[in-house]
Amino acid sequence: MPTSQSSSVLARRSVLFGVIAGLVALASSDGTARADAATYALDELSREVPTRGKFRCPDIPLTLYGGSLVPFQGQVQVHPAFVAKLKELEALVRAVAIEVYGRAPASLQHLGAYNCRRIPGYPNLVSEHGLGNGIDVAAFTFAPLPKGQKLPDGLPRELAQGFGVSVMAHFDAKGAAGTVHKRFLHRLALRLRPLFRVVLGPGYVGHQDHFHLDMAPYTLFDVSASAEAAK
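Residue 472 is where the sequence shown starts when you use my numbering, and the numbers rise one by one after that.
What follows is the structure, given as structure tokens:
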């Protein structure tokens with residue numbers, strides 16, 4: 472007999488399947504499906520693929536990008552239109568980091584972007600990763616506080632040194648420094664919502680160690696972030 476937790480996961484995945492399938496059908500027939508009023512370069516592209524066997528992802532242009540405001544630990548391969556969203560991501564990460572830690576991160580660690588595959592559990596749909604239209608963000612590194620600069624009020628002194636912050640280790644962290652890292656991640660997650668159409672993270676099955684961000688032609692926010700933890 473399924474547990475209440477597994478039933479909840481199955482229900483959430485079923486709802487997601489319905490949303491995706493319906494919007495993909497609309498987009499493939501008349502191009503009217505939109506997550507918001509603004510159009511996006513990949514909105515007209517069908518996400519439907521054969522349910523079995525090998526398949527080819529759509530033939531789309533791809534470009535390499537390694538960050539500008541916040542350097543990435545390794546370049547990512549993405550659709551050119553997604554570069555603008557990554558730049559917005561960097562600006563947001565930088566702003567939230569300065570609010571919480573008094574300085575911007577030295578780097579962003581990701582788990583990849585382009586990857587030609589189906590959405591796990593949905594064999595008839597190509598992943599946004601297969602379009603170079605998504606990225607998985609896992610962690611951030613911070614250099615020591617510059618000489619002469621003071622930590623924001625209330626931060627433990629250990630955060631004057633260099634450190635790393637990861638979704639896996641710190642989204643529900645405790646302790647003096649851990650609570651600050653949790654604040655950063657929860658605040659960032661909540662402020663990602665208006666920036667990307669799909670934001671997934673801890674609390675959504677298979678995303679306990681990263682934030683998945685994409686620009687699919689539908690909207691979904693599923694991260695167990697709280698306004699209280701973000702304060």
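Just so you know, even glycine gets a beta-carbon here, dropped at the ideal spot from N, CA and C.
- Between alanine 577 and alanine 614, the C-beta gap is smaller than 7 Å, which places the two residues in contact.
- Under the 10 Å beta carbon count, methionine 639 is surrounded by fewer than 16 other beta carbons and is classified as exposed.
- DSSP lists Glu519 as the bridge partner or partners of leucine 596.
- Per the Cβ contact rule, the region 680-688 is in contact with the region 602-618 (3 or more Cβ pairs under 8 Å).
- About 52 Å separates the CB atoms of proline 627 and threonine 522; that is not less than 8 Å, and the two are not in contact.
- In this structure, phenylalanine 553 and glycine 603 form a Cβ contact; the two beta carbons are roughly 6 Å apart against a cut-off of 8 Å.
- Cβ atoms of glycine 573 and leucine 616 come within 8 Å of each other, at about 7 Å.
- DSSP, reduced to helix, strand and coil, places histidine 652 within a helical segment of the structure shown.
- Counting only residues of its own chain and dropping the five nearest sequence neighbours on each side, isoleucine 531 has a CB closer than 8 Å to the CB of Leu513, Leu516, His550, Leu602, Gly603.
- DSSP lists Phe611 as the beta-bridge partner residues of valine 636.
- Residue range 551-572 is occupied by the alpha helix (DSSP H) that includes leucine 563.
- With fewer than three CB-CB distances shorter than 8 Å, the region 647-656 does not count as touching the region 528-546.
- The beta carbon of glycine 537 is closer than 8 Å to those of Phe543, Gly545, Gln546, Val547 in its chain, skipping five residues each way along the sequence.
- Glycine 605 carries a strand assignment under DSSP once its states are collapsed to helix, strand and coil.
- By the neighbour-count definition (other C-beta atoms within 10 Å, threshold 16), arginine 518 is a buried residue.
- By the criterion of a C-beta distance shorter than 8 Å, valine 651 is surrounded in its chain by Val571, Tyr572, Leu626, Pro627, Leu630, once the five residues flanking it on both sides are discounted.
- Between valine 694 and alanine 648, the CB-CB gap reaches or exceeds 7 Å.
- A direct Cα-to-Cα measurement between valine 564 and tyrosine 511 gives close to 22 Å.
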